[in-house]
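See below for the structure under consideration.
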Ligand code: MG
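In the numbering used here, the protein residues as written are 259 to 654.
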């Protein structure tokens, strides 16, 4: 492509929610490599003020959101001097995603706290690059309804990006099955007995992907794959029975679609989140140069195997919540958020995560997930209940 051509490229006005997290930082690497194609209009962070300020100086957004009020107060003057508008508190995510001038919003926050901003962006007809899988797990029906307002939803999760890529030029009616691959995390092949004494450090040592703490623990329990099953169900409108999970420890095949004629399409690359992030930001185009090239000769072998649902009960629980429907998936996610936090703080054992979520889900009576308030109320109740359960168990 010639330089003059690039000068004529229309810039995308980009907002990144969660810009200081792992996905947010990698997204800014993509933006940095394609500076002529983007104007960064807004960035948000929860509490990492120092990282955010570095990004502000580099990308010069008009607006930043900081949800932690203390951190926001400490940066107020500096931001004012730089001419950057500041939004604070939890609402700042919604304020940013509804910015008039934003046309592309990347939602990369962690947890279902990202749901209102997802809805807000779609209702305003914006293109939403979604890395916040909890938006779909907690409020899938609402998100799909909000999409009817004319916005566009592009998956950033590597598996869903793979499926989305395999579905280009295809009709959903031709899909027989979606095959989600799972690296299996650090504990693939282990028994429950062997996982009794797992430490936080061991759970955080993921063999193939470098990610934030919450999602790394979710990958070790396979709850992450469970959340992705639910995410795929809503994103692609495919029934749970038709979504299969396959262990694939190399993390090179990011997922596959099996069609009615017996063909299977797959998307492959080395595990590098910048690839699915860049695809969501460039869609429907593909931009080079690549961040990572995949040398299949060097990789040599790709293997696939069954996932042990007894050891990794969280994956089973996600299917169970999916079949229950309504608010059950929001409840599953809320219980898991509390349980993972307790594990990271040393208040709950590794296997206790799945056991706790199981007890919460067994006691949950799903309601219709028709509006945001219902979901928020259910999440609040479930989180409280989960905290009490964990206190009672005394970390078991
Ligand atoms: Mg994923």
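Backbone N, C-alpha and C define an ideal beta-carbon position, used for all residues, glycine too.
Worksheet entry | Residue span of the alpha helix (DSSP H) that contains residue 638, given as start and end | By one-based count along the chain shown, residue 638 stands at place 380. 630–651 is the span of the alpha helix (DSSP H), which, as asked, contains residue 638.
Item to complete: Check each candidate in 391, 540, 288 and 295 and name the one with the smallest Cα separation from residue 269.
Response: Counting from one through the chain shown, the residue named residue 269 turns up at place 11. Nearest option by C-alpha distance: 295.
Fill in: residue 509 beta carbon near the ligand MG (any heavy atom closer than 7 Å)
Locating residue 509 in the chain shown gives position 251, where the first residue counts as 1. The answer is no for residue 509.
Fill in: Segments of 3+ residues assigned as beta strand (DSSP E) that fall wholly inside the stretch 320–388
321–324, 343–346, 362–365 and 385–388
Worksheet item: Does the pairing of the stretch 391–411 with the stretch 496–516 give three or more beta-carbon distances under 8 Å?
Response: Taking a cut-off of 8 Å for Cβ pairs, the stretch 391–411 and the stretch 496–516 do not touch, as fewer than three such pairs fall below it.
Practice prompt. Decide if residue 439 is buried, meaning its Cβ has at least 16 other Cβ atoms within 10 Å, or exposed.
Written response: Numbered from 1 along the chain shown, position 181 holds the residue referred to as residue 439. It is buried - the Cβ of residue 439 has at least 16 other Cβ atoms within 10 Å.
Item to complete: Can you give me the Cβ contacts of residue 537 inside the same chain, cut-off strictly under 6 Å, excluding the 5 residues immediately before and after it?
Response: In the chain shown, counting from the first residue as 1, residue 537 sits at position 279. So the list reads 419, once near-sequence residues are dropped.
Practice prompt. Let me know if residue 612 comes out buried or exposed under the rule of 16 or more other beta-carbons within 10 Å of its beta-carbon.
Written response: In the chain shown, counting from the first residue as 1, residue 612 sits at position 354. Result: buried.
Worksheet entry | Beta carbon proximity, residue 629 to chain D, threshold 8 Å | Here chain D cannot be found, since the structure has a single protein chain.
Worksheet item: Considering only C-alpha positions, which residue in the set 633, 601, 609 and 641 is nearest to residue 618?
Response: For the purposes of this step, residue 618 is identified with residue 360 of the chain shown, where counting begins at 1. Here the closest residue by C-alpha is 641.
Worksheet item: Does DSSP put residue 499 in a helix, in a strand, or in coil?
Response: Within the chain shown, the letter at position 241 stands for residue 499. The answer is helix: DSSP assigns residue 499 an H, G or I state.
Worksheet item: Under a Cβ-count criterion, where at least 16 other Cβ atoms within 10 Å of its own Cβ denotes burial, should residue 355 be classed as buried or exposed?
Response: Reading the chain shown from its first residue, position 97 is the one you call residue 355. Taking all protein chains in view, the Cβ of residue 355 is crowded by 16 or more other Cβ atoms within 10 Å, so the residue is classified as buried.
Worksheet entry | Spatial distance of residue 637 from residue 373 (CA atoms) | Your numbering for residue 637 matches position 379 in the chain shown. Your numbering for residue 373 matches position 115 in the chain shown. The alpha-carbon atoms of residue 637 and residue 373 are separated by roughly 12 Å.
Item to complete: Let me know the secondary structure DSSP gives residue 627 once reduced to three states.
Response: For the purposes of this step, residue 627 is taken as the residue at position 369 of the chain shown. Residue 627: coil per DSSP, three-state reduction.
Worksheet item: Can you list the alpha helix (DSSP H) stretches of 4 or more residues lying completely in the stretch 401–463, in chain order?
Response: Scanning the stretch 401–463 from its first residue to its last, the whole alpha helix (DSSP H) runs of 4-plus residues come out as 416–424 and 458–461.
Worksheet item: Helix, strand or coil: which one does DSSP assign to residue 688?
Response: Residue numbering for the chain in the displayed model covers 259 to 654; residue 688 lies beyond these limits and cannot be assessed.
Practice prompt. Using 7 Å as the cut-off, classify the Cβ of residue 280 as near or not near the heavy atoms of the ligand MG, replying yes or no.
Written response: One-based indexing of the chain shown puts residue 280 at position 22. Checking every heavy atom of the ligand MG against the Cβ of residue 280, none is found closer than 7 Å.
Discussion item. What I want to know is whether the C-beta of residue 530 ends up closer than 7 Å to one or more non-hydrogen atoms of the ligand MG.
Written reply: Here residue 530 refers to the residue found at position 272 of the chain shown. Not so, every heavy atom of the ligand MG lies at least 7 Å from the Cβ.
Discussion item. Contact defined as beta carbons within less than 8 Å: I believe residue 351 pairs with residue 375. What is the distance between those atoms, to the nearest angstrom?
Written reply: If you number the chain shown from 1, residue 351 lands on position 93. If you number the chain shown from 1, residue 375 lands on position 117. Between residue 375 and residue 351 the Cβ distance is about 4 Å, and since that is below 8 Å, they are a contact.
Practice prompt. Hey, could you find the ends of the alpha helix (DSSP H) residue 472 is sitting in?
Written response: Counting from 1 along the chain shown, the entry for residue 472 is found at position 214. Unbroken alpha helix (DSSP H) run through residue 472: 471–479.
Fill in: Span of the alpha helix (DSSP H) around residue 289
To locate residue 289, count along the chain shown from 1; it is residue 31. Annotation: the continuous alpha helix (DSSP H) that includes residue 289 extends over 280–291.
Discussion item. For the alpha helix (DSSP H) containing residue 302, name the first residue and the last one.
Written reply: In the chain shown, counting from the first residue as 1, residue 302 sits at position 44. Taken as a continuous stretch (DSSP letters only), residue 302 belongs to no alpha helix (DSSP H), being part of the beta strand (DSSP E) at 296–303.
Worksheet entry | Per-residue DSSP class, three states only, for residue 583 | Walking along the chain shown from the start, residue 583 turns up at place 325. Looking at residue 583 - three-state DSSP - the assignment turns out to be coil, as it is neither helix nor strand.
Worksheet item: Comparing the CB of residue 434 with every heavy atom of the ligand MG, is any distance shorter than 7 Å?
Response: Residue 434 sits at position 176 when you count from the first residue of the chain shown. No, the Cβ of residue 434 stays beyond 7 Å of every heavy atom of the ligand MG.
Discussion item. Applying the 10 Å Cβ sphere with the 16-neighbour rule, what's the burial state of residue 557?
Written reply: Translated into the one-based positions of the chain shown, residue 557 becomes position 299. The residue is exposed, with fewer than 16 neighbouring Cβ atoms inside 10 Å.
Worksheet item: Would DSSP call residue 275 helix, strand or coil?
Response: Along the chain shown, one-based indexing puts residue 275 at 17. In this structure, residue 275 counts as strand in the three-state DSSP scheme.
Discussion item. Three or more C-beta pairs under 8 Å: does that hold for the stretch 546–557 against the stretch 297–308?
Written reply: no
Item to complete: State the Cα-Cα distance for the pair residue 385 and residue 601, rounded to the nearest angstrom.
Response: For the purposes of this step, residue 385 is taken as the residue at position 127 of the chain shown. For the purposes of this step, residue 601 is taken as the residue at position 343 of the chain shown. Between residue 385 and residue 601, the C-alpha separation is close to 36 Å.
Fill in: Limits of the alpha helix (DSSP H) - the one that residue 608 falls within
For the purposes of this step, residue 608 is identified with residue 350 of the chain shown, where counting begins at 1. Element bounds for residue 608: 608–620.
Discussion item. Tell me the DSSP secondary structure of residue 508 in three-state form.
Written reply: The residue given as residue 508 occupies position 250 in the chain shown. DSSP places residue 508 in coil when its eight states are reduced to three.
Worksheet item: With a cut-off of 8 Å, do at least 3 Cβ pairs link the stretch 274–290 to the stretch 360–369?
Response: yes
Worksheet entry | Burial state of residue 391, where buried means 16 or more other Cβ atoms lie within 10 Å | If you number the chain shown from 1, residue 391 lands on position 133. With 16 or more Cβ atoms within 10 Å of its Cβ, residue 391 is classed as buried.
Worksheet item: By the 10 Å Cβ neighbour count, where 16 or more other Cβ atoms means buried, how is residue 649 classified, buried or exposed?
Response: For the purposes of this step, residue 649 is taken as residue 391 along the chain shown, with counting starting at 1. Exposed: under 16 other Cβ atoms inside 10 Å.
Worksheet item: Quick one: what does DSSP say residue 526 is sitting in, helix, strand or coil?
Response: One-based indexing of the chain shown puts residue 526 at position 268. Residue 526: strand per DSSP, three-state reduction.
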